[in-house]
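Peer 1: Here the sequence shown stands for residues 31 to 123, where the numbers follow this note's numbering. Pasting a structure here, questions to come.
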Amino acid sequence: MDNQNYSYPINADWTTEELIIVTKMFSLIEDVYEGGANREMVLNQYQEFKKIVQSKSEEKQLGRQFEHDSGYVLYEVVKLANTSDRKTIRMER
Numbered sequence: 031m032d033n034q035n036y037s038y039p040i041n042a043d044w045t046t047e048e049l050i051i052v053t054k055m056f057s058l059i060e061d062v063y064e065g066g067a068n069r070e071m072v073l074n075q076y077q078e079f080k081k082i083v084q085s086k087s088e089e090k091q092l093g094r095q096f097e098h099d100s101g102y103v104l105y106e107v108v109k110l111a112n113t114s115d116r117k118t119i120r121m122e123r
């Protein structure tokens, strides 16, 4: 999806620091789809993301909202990062 007019799904209860961590994760997902991103950066940011979004249900909810709005899939990026041995990972559209 080439629509760049969307916002990241957020929780109003998050602190500024938590918002930054979560938005960095979504930004990296965009990078993976739009040209590639460093695999280790994705994995490290996902670990930070999971400190904020601890429940699987909240992660799925945020991931579904992000996919609906952007066309990019959180789960697929994390799965690729976990299974790839490449330094830079890219998702095909």
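All C-beta atoms in this analysis are idealised placements derived from N, C-alpha and C, irrespective of residue type, glycine included. All values derive from a computational prediction rather than experimental measurement.
1. Spatial neighbours of A67 within its chain, please: CB distance less than 6 Å, with the 5 preceding and 5 following residues excluded, ordered by chain position.
2. Within 10 angstroms of its Cβ, does G65 collect 16 or more other Cβ (buried), or is it exposed?
3. Under 8 Å by Cβ, that's how I've got F96 and I51 pegged, so tell me the actual separation to the nearest angstrom.
4. Roughly how many angstroms lie between the CA atoms of E88 and M121, to the nearest whole one?
5. Distance check for N74 and S37, CA to CA, integer angstroms please.
6. Using only alpha-carbon positions, find the residue among I82, Y105, M71 and K117 that is nearest to T45.
7. Which one or two residues does DSSP pair with A67 in a beta bridge?
8. Round the Cβ separation of Y102 and Y76 to the nearest angstrom and send it over; I've been treating them as touching at under 8 Å.
Peer 2: Here's the rundown:
1. Within the sequence shown, the letter at position 37 stands for residue 67. L58 and D61, listed in sequence order.
2. Your numbering for residue 65 matches position 35 in the sequence shown. Under this definition G65 is an exposed residue.
3. By one-based count along the sequence shown, residue 96 stands at place 66. By one-based count along the sequence shown, residue 51 stands at place 21. With a Cβ gap of about 15 Å, F96 and I51 do not count as contacting.
4. Counting from 1 along the sequence shown, the entry for residue 88 is found at position 58. Counting from 1 along the sequence shown, the entry for residue 121 is found at position 91. Whole-angstrom Cα-Cα distance: 23 Å.
5. The residue given as residue 37 occupies position 7 in the sequence shown. The residue given as residue 74 occupies position 44 in the sequence shown. Cα to Cα, S37 sits roughly 23 Å from N74.
6. Reading the sequence shown from its first residue, position 15 is the one you call residue 45. It is I82.
7. For the purposes of this step, residue 67 is identified with residue 37 of the sequence shown, where counting begins at 1. For A67, DSSP records a beta bridge to I119.
8. Position 72 of the sequence shown, counted from the first residue, corresponds to residue 102. Position 46 of the sequence shown, counted from the first residue, corresponds to residue 76. That pair is no contact at about 14 Å.
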